[in-house]
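Everything below concerns the one structure shown next.
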Amino acid sequence: MLVKYWMSKYVVTIEENDTMENVIKSLRKHNIRRLPVIKNDKLVGIVTDRDVKRVSASDATLLDVYELMYLISKIKVKNIMTRNPITVSPHHTVDEVAEILIENKIGGTPVIDSTGKVVGIITQTDIFRALISLSGLNKRGIQFALKVLDKPGSIKEITDIIREYGGRMVSILTSYDRVPRGYRLVYIRMCDIDRNSLTELKDRIQRKAELIYIVDHKKCSRELFE
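In case it helps, our numbering puts the sequence shown at residues -8 to 217.
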């Protein structure tokens, strides 16, 4: 899942010689939290709502409201922005970006091309949208969470059983977190299952794997086995 398919291509930017006053106006007008800063059409920094709050708070204790507003109208973006910000390319994968955001404790990052031009911005919200698509949640259906032996064919055994009941796989995700060595967690989302056969399907799957939970998104019901 490449960044270029999930990033916001409409990017609000600001010039480095613009004022903090205009930063505040842009953030409020577009309901955003960060603005890439450009010079000669190239990215040179980023300014966020945190930068605005930091500067405003440090001066507010010493100035009255009129003096503060005057100061805000004079402060240049280049004096409060973060220089050389973290960036990604359109060809990064979404999971790579998620790791970058977590490691650097940031909520979003500009996307630049090979010339340094801003072509997009990707945020936590975009990552969440990609996750929903990847998991198939927007297709609803039924999700089985299982602990299976980590061996060739173990997932196929489960999906073959599901297909016997007319089920169609929407998504299959796996993880090695929080399971003993030699096992893996498998999350299978399916649709087109006859819900009258769910009990029988569940019993057959339990002969092959350990069920963790079942969530039926159509009925808004869930069954936990731990």
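Just so you know, even glycine gets a beta-carbon here, dropped at the ideal spot from N, CA and C.
Identity of the residue in the options nearest residue i by Cα
i           : options            : result
residue 186 : 212, 92, 202       : 212
residue 111 : 43, 96, 79         : 79
residue 35  : 133, 195, 107, 192 : 107
residue 197 : 176, 20, 165, 149  : 149
residue 130 : 181, 155, 2, 37    : 181
residue 141 : 154, 176, 151, -7  : 176
residue 85  : 173, 73, -1        : -1
residue 192 : 173, 166, 156      : 156
residue 31  : 189, 87, 76, 109   : 109
residue 37  : 24, 202, -7        : 24
residue 95  : 76, 81, 83, 217    : 76
residue 87  : -8, 210, 190       : -8
residue 81  : 1, 69, -4          : -4
residue 167 : 16, 190, 137, 152  : 137
residue 226 : 184, 33, 200       : With the chain covering -8 to 217 only, the question about residue 226 has no answer from this structure.
residue 1   : 195, 217, 189, 21  : 21
Same chain, Cβ closer than 8 Å to residue i, neighbours up to 5 away in sequence not counted
i           : result
residue 67  : 7, 8, 9, 10, 11
residue 165 : 146, 175, 176, 177, 178
residue 74  : 35, 36
Residue i classed as buried or exposed, judged by whether at least 16 other C-beta atoms fall within 10 angstroms
i           : result
residue 26  : buried
residue 215 : exposed
residue 5   : buried
residue 171 : exposed
residue 39  : buried
residue 104 : exposed
residue 93  : exposed
residue 132 : buried
residue 42  : buried
6 Å Cβ shell around residue i - same chain, five flanking residues per side excluded
i           : result
residue 135 : 179, 205
residue 89  : 118
residue 45  : none
residue 69  : 7
residue 153 : 181
Residue i at chain D interface by Cβ criterion, 9 Å
i          : result
residue 62 : Annotation note: the requested chain D is absent from the structure, which comprises a single protein chain.
Same chain only: Cβ atoms within 7 Å of residue i, ignoring 5 sequence neighbours per side
i           : result
residue 64  : 10, 12
residue 120 : -3
contact_flag[the stretch 3 to 10, the stretch 125 to 132] where n(CB pairs < 8 Å) is 3 or more: No contact exists between the stretch 3 to 10 and the stretch 125 to 132.
Could you check whether the stretch 115 to 122 touches the stretch 141 to 153, counting it as contact only if at least three pairs of C-beta atoms, one from each stretch, sit closer than 8 Å? No: fewer than three Cβ pairs fall under 8 Å.
Per the contact definition of three or more C-beta pairs closer than 8 Å, is the stretch 153 to 162 in contact with the stretch 96 to 115? When C-beta atoms of the stretch 96 to 115 are compared with those of the stretch 153 to 162, fewer than three pairs fall below 8 Å, so the two segments do not count as touching.
Ordered list of alpha helix (DSSP H) runs contained in the stretch 60 to 98, each at least 4 residues: Within the stretch 60 to 98, complete alpha helix (DSSP H) segments of at least 4 residues are found at 85 to 95, given in chain order.
Ignoring anything shorter than 3 residues, give me the beta strand (DSSP E) runs that lie fully in the stretch 105 to 162, in order along the chain. Counting whole runs of 3 or more residues, the stretch 105 to 162 contains the beta strand (DSSP E) stretches 109 to 114, 133 to 140.
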